[in-house]
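Shown next, in structure tokens, is the structure this report addresses.
Residue numbers (the working numbering): 648 to 1131.
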């Protein structure tokens, strides 16, 4: 049996490794959320920054609940492999991580209070934050928020830990860390700032005022397709590195990180790895959310309806490829002009990335959490298209595909993997074969679609008619009737 990856000295020559002495660099970043995306994205940029310019910027990683990845990293001295899937697979061992914390909120809080930590970064998914996006405030009904407001000295959730750590640092006259949200959310810095301030106001209005004055919450846009790790991933990593690696990840060659450059306590030289440091990330963010993520969601639901397990299968499908391109074109038309964006070139690059035969990105995985994702991916741009006098049909078709997928699950009495899964199942089963009832009831869910969309008779009727066509004749027949 191959040995576990625990050191760098006996790796094969073809495996890339850290270009710096790990022991010579301290820890300056606490990262919450040790999922595959962080390990394939921000950690890689930090590894490049350490190699290029050094500094005490290694990463102390933490998961609020899960222990598995933390245990795997700790058993491997923080080392793990990034398997880059391209024409030829490439393996790279990342050294930016050190000890990891798993399922121990008290230990995370202690780490966040350490003066050496100058950045607290996060990839925890939107539902873990406990923020009401519509109100731009902490959600007191969220279980973690409710717990942490009741027991502020023993927080278990994201907002509670950040607020408690900032309170302790400010009381001890230690400079606050910069809070860097790296989740794939629109206006993620503004959103997280609103959540932290809302939580802090409920705890101590004076503390909230100090956080508002002293703490930076820069926005980011992140992009790198990172499929779920499979047994094949583990086997391929072992073949390339001659080591077993229980914390490895696989990803595509492409990577993008656009960061609002606002770090009062300093930052790593992320630009050494290709990150873009800018004054405003919003235009880049909108293009990615609407064109890449919006198309991804459409691919996921259409792929699930047609039994296509991977994104690459959907892009290669002669019926789906025109649908995907049409959706990207409609989404690109809603982007701000004069921001240096090229939606047409971006769409072409996306189709090439999606078609990568080496990336097994599962449509089932992307289909999760639709009610969290679709407001910014589909419904906001659809409303803007309506306001601009553009044809909203591509967005209505995407919505109909999603609703047809929900109806298919409901017919099997299967709950969608979504924070509102139980409500979606109930609405779909109540609507039965009534397409109009399904459209109206689902889109009426609070915070899902803007009133400009739900109140637009043309959009609702078009969505209803397309849904009926899909449910009665199948998605392929519906697509065959669409103009190309």
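We put the CB at the ideal spot given by N, CA and C, even for glycine.
Between residue 997 and the rest of its own chain, which residues show a CB-CB distance below 7 Å, the 5 nearest in sequence each way excluded? Walking along the chain shown from the start, residue 997 turns up at place 350. If we look at residue 997 and ignore the five residues flanking it on each side, its Cβ neighbours are 938, 939, 942, 975.
Can you tell which of 954, 679, 734, 746 has its C-alpha closest to the C-alpha of residue 770? Start at 1 with the first residue of the chain shown, and residue 770 comes out as number 123. Ranking the options by Cα distance to residue 770, first place goes to 679.
Hey, is the segment 875–885 in contact with the segment 846–864, meaning 3+ C-beta pairs nearer than 8 Å? no
Can you give me the C-alpha to C-alpha distance between residue 667 and residue 691, rounded to a whole angstrom? Looking up residue 667 in the chain shown gives position 20. Looking up residue 691 in the chain shown gives position 44. So the alpha carbons of these two residues sit roughly 13 Å apart.
Cutting at 7 Å between CB atoms, please list the residues of its own chain near residue 673, excluding the five before and the five after it. Translated into the one-based positions of the chain shown, residue 673 becomes position 26. Here the set comprises 703, 705, 763.
Between the Cα of residue 664 and the Cα atoms of 967, 849, 740, which residue gives the shortest distance? As a first step, residue 664 is located in the chain shown; it is residue number 17 there, counting from the start. Residue 740 is the option with its Cα nearest to residue 664.
Taking buried to mean at least 16 other C-beta atoms within 10 Å of its own C-beta, is residue 989 buried or exposed? The sequence position of residue 989 within the chain shown is 342, counting from 1. Residue 989 comes out exposed.
Residue ranges of each beta strand (DSSP E) run of no fewer than 3 residues wholly in the segment 677–741, ordered along the chain? 705–710, 727–731, 737–741
Ordered along the chain, which non-local residues of its own chain (more than five positions away) have a Cβ less than 6 Å from that of residue 1096? Against the chain shown, residue 1096 aligns to sequence position 449. 1026, 1090.
Starting from residue 917, follow its DSSP beta bridges and name the residues at the other end. As a first step, residue 917 is located in the chain shown; it is residue number 270 there, counting from the start. DSSP lists no partner for residue 917.
Among 905, 765, 916, 1016, nearest to residue 775 - alpha-carbon criterion: Looking up residue 775 in the chain shown gives position 128. When only C-alpha atoms are compared, the closest one is 1016.
The segment 843–855 in contact with the segment 885–898 per 3-pair CB rule at 8 Å: no
Does the distance from the C-beta atom of residue 748 to that of residue 825 stay below 8 Å? Position 101 of the chain shown, counted from the start, is the residue given in the question as residue 748. Position 178 of the chain shown, counted from the start, is the residue given in the question as residue 825. No; because the gap between Cβ atoms is not below 8 Å, this pair is not in contact.
Comparing the C-beta of residue 1044 with each C-beta of chain B, is any distance below 8 Å? As a matter of chain content, chain B is missing from the structure shown, which is built from one protein chain.
If you draw a straight line from the alpha carbon of residue 809 to that of residue 928, how long is it in whole angstroms? Position 162 of the chain shown holds residue 809. Position 281 of the chain shown holds residue 928. Rounded to the nearest angstrom, the two C-alpha atoms are 23 Å apart.
Considering only residues of the same chain and omitting the five flanking positions on each side of residue 933, which have a CB-CB separation below 6 Å? On the chain shown, position 286 is the one that residue 933 refers to. The residues are 982.
Using the Cα positions of residue 793 and residue 718, report the straight-line distance between them to the nearest angstrom. Your numbering for residue 793 matches position 146 in the chain shown. Your numbering for residue 718 matches position 71 in the chain shown. Computed Cα separation, rounded: 29 Å.
Report all residues from its chain with a CB closer than 6 Å to the CB of residue 921; omit the five preceding and five following residues, and keep chain order. Looking up residue 921 in the chain shown gives position 274. Cβ neighbours of residue 921 beyond the five flanking positions: none.
Which whole-angstrom value describes the C-beta separation of residue 1050 and residue 1086, a residue pair presumed to lie in contact below a C-beta threshold of 8 Å? By 1-based counting over the chain shown, the position of residue 1050 is 403. By 1-based counting over the chain shown, the position of residue 1086 is 439. The Cβ separation is near 6 Å, so the contact holds.
Touch check for the segment 1043–1061 and the segment 1098–1114: three-plus C-beta pairs under 8 Å? yes
Determine the burial state of residue 713: buried for a count of at least 16 other Cβ atoms within 10 Å of its Cβ, exposed for fewer. For the purposes of this step, residue 713 is taken as the residue at position 66 of the chain shown. Result: exposed.
Using DSSP with H/G/I as helix, E/B as strand and the rest coil, what is residue 973? To locate residue 973, count along the chain shown from 1; it is residue 326. Here residue 973 sits in helix by DSSP.
With 16 as the cutoff for other CB atoms within 10 Å, does residue 944 come out buried or exposed? Along the chain shown, one-based indexing puts residue 944 at 297. Counting Cβ neighbours within 10 Å, residue 944 comes out buried, since at least 16 surround it.
Assign residue 862 to one of three DSSP states: helix, strand, or coil. Within the chain shown, residue 862 is the residue found at index 215, counting from 1. Correct three-state label for residue 862: coil.
On the criterion of 16 or more Cβ atoms from any shown chain inside 10 Å, does residue 1019 qualify as buried, or is it exposed? Locating residue 1019 in the chain shown gives position 372, where the first residue counts as 1. Residue 1019 comes out buried.
Going along the chain, which residues of its own chain have a beta-carbon closer than 6 Å to the beta-carbon of residue 846, five neighbours each way excluded? Taking the chain shown and counting its residues from 1, the one referred to as residue 846 is at position 199. Here the set comprises 785, 806, 810.
Counting C-beta neighbours from all protein chains within 10 Å, is the total for residue 833 16 or more, i.e. buried, or is it exposed? Within the chain shown, residue 833 is the residue found at index 186, counting from 1. With 16 or more Cβ atoms within 10 Å of its Cβ, residue 833 is classed as buried.
Cα-Cα separation between residue 778 and residue 1002, rounded to whole angstroms: Position 131 of the chain shown holds residue 778. Position 355 of the chain shown holds residue 1002. Whole-angstrom Cα-Cα distance: 35 Å.
Three-state class that DSSP yields for residue 928 in the structure shown: Taking the chain shown and counting its residues from 1, one reaches residue 928 at position 281. Correct three-state label for residue 928: coil.
Hey, could you find the ends of the beta strand (DSSP E) residue 904 is sitting in? Position 257 of the chain shown holds residue 904. Unbroken beta strand (DSSP E) run through residue 904: 903–907.
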